[in-house]
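Novice: Attaching a single structure in structure tokens format; questions to follow.
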Amino acid sequence: MIAGLVYIRLPDNATSAQPRASTIFFLLMLNAITPISYMAFYVSDRKFFKMDSANGLYAPSAYYLSTVTAGSPFVIMNTIAGALMAYGLAGLRNDTRAIFIWMSIISLHALVSNQFLVTCIWLTPTQDTAYAIGSMYLTFSLLFCGFYVAVPNMVLTPLIGGAVPLCTTQGDAILSYLGLKLTIAQGALSLLGWYGLFHLTSFLALRRLYSKKDK
Numbered sequence: 111m112i113a114g115l116v117y118i119r120l121p122d123n124a125t126s127a128q129p130r131a132s133t134i135f136f137l138l139m140l141n142a143i144t145p146i147s148y149m150a151f152y153v154s155d156r157k158f159f160k161m162d163s164a165n166g167l168y169a170p171s172a173y174y175l176s177t178v179t180a181g182s183p184f185v186i187m188n189t190i191a192g193a194l195m196a197y198g199l200a201g202l203r204n205d206t207r208a209i210f211i212w213m214s215i216i217s218l219h220a221l222v223s224n225q226f227l228v229t230c231i232w233l234t235p236t237q238d239t240a241y242a243i244g245s246m247y248l249t250f251s252l253l254f255c256g257f258y259v260a261v262p263n264m265v266l267t268p269l270i271g272g273a274v275p276l277c278t279t280q281g282d283a284i285l286s287y288l289g290l291k292l293t294i295a296q297g298a299l300s301l302l303g304w305y306g307l308f309h310l311t312s313f314l315a316l317r318r319l320y321s322k323k324d325k
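Mapping of the sequence shown onto our numbering: position 111 corresponds to residue 221, and the numbering continues sequentially without gaps.
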């Protein structure tokens, strides 16, 4: 909602090209950072898992599957609710297909962000360490993603980055300037790949924790 209010009612001309790209970027950025706010719940849950697994109440696979099944719908619904409010407030494309793609991509992005922090929690001994690693990775990712400074265009930015009201906005030129070369399908497959990787690493970390239950 905050991101939507910041960019509310963007004009339909060339001057809104950068603000519209900024809207999408900052929504994804907030989406990546949000799981940090409830990291403590996963850390607390880890303590109970160690106690229960030590008593042989359930296997790591059953626990992992139950947490993913219970937590994923909450992550998706929470993400879609906020993303749709910001989408409408910013006045982004009012098209069914565009809205569906937006909800799908940002939901998948939220699942990847959440699973990455879960991986940090299961891999590290303390909440502080997990928080530090997660925050550091997200910070470097945001700084070097190319959004704030399009490195190849630094010299030409004053010439090609400026927009005047009478200019015609060309989507391909904007995508090229921001370095966005992946198609929607390629982006979705990339997110699915990261999601699978973080699931694998977090489950292996959970098994490692389970193997230490007698120590």
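No residue lacks a Cβ here, since even glycine has one placed at the ideal position from N, Cα and C.
How far does the alpha helix (DSSP H) with Gly244 in it reach, from first residue to last?
Specialist: Within the sequence shown, residue 244 is the residue found at index 134, counting from 1. 237-253 is the span of the alpha helix (DSSP H), which, as asked, contains Gly244.
Novice: Relative to the alpha-carbon of Leu175, which residue among Gln225, Thr249, His219, Leu253 has its alpha-carbon at the smallest distance?
Specialist: Within the sequence shown, residue 175 is the residue found at index 65, counting from 1. The candidate whose alpha carbon is nearest that of Leu175 is Gln225.
Novice: Applying the 10 Å Cβ sphere with the 16-neighbour rule, what's the burial state of Gly244?
Specialist: As a working mapping, residue 244 is identified with position 134 in the sequence shown. Under this definition Gly244 is a buried residue.
Novice: What is the residue span of the alpha helix (DSSP H) that Gly166 lies within?
Specialist: As a working note, residue 166 is residue 56 in the sequence shown. Segment: none, Gly166 is in no alpha helix (DSSP H) and carries neither H nor E.
Novice: Return the residue from the list Thr133, Leu314, Leu299 that minimises the CA-CA distance to Gly198.
Specialist: Numbered from its first residue, the sequence shown carries residue 198 at position 88. Gly198 has its Cα closest to that of Thr133, out of Thr133, Leu314, Leu299.
Novice: Which residue from Leu319, Ala295, Ala208, Asn188 puts its Cα closest to that of Thr236?
Specialist: The residue given as residue 236 occupies position 126 in the sequence shown. With distances taken between Cα atoms, Thr236 lies closest to Leu319.
Novice: Mapping DSSP to helix, strand and coil, what is Lys291?
Specialist: On the sequence shown, residue 291 is found 181 positions in, with the first residue counted as 1. Note: Lys291 maps to coil in three-state DSSP.
Novice: Within 10 angstroms of its Cβ, does Tyr148 collect 16 or more other Cβ (buried), or is it exposed?
Specialist: Here residue 148 refers to the residue found at position 38 of the sequence shown. Exposed is the call here.
Novice: Measuring only from the beta carbon, is Asp155 closer than 7 Å to any heavy atom that is part of the ligand HEM?
Specialist: Of the ligands one can find in the structure shown there are none, so the ligand HEM has no counterpart to examine.
Novice: Please return the same chain residues whose Cβ sits closer than 7 Å to the Cβ of Ala150, not counting the five positions on each side in sequence.
Specialist: For the purposes of this step, residue 150 is identified with residue 40 of the sequence shown, where counting begins at 1. If we look at Ala150 and ignore the five residues flanking it on each side, its Cβ neighbours are Gln237.
Novice: Is the beta carbon of Asn141 less than 8 Å from the beta carbon of Ile209?
Specialist: The sequence position of residue 141 within the sequence shown is 31, counting from 1. The sequence position of residue 209 within the sequence shown is 99, counting from 1. No, the pair does not count as a contact, with Cβ atoms beyond the cut-off.
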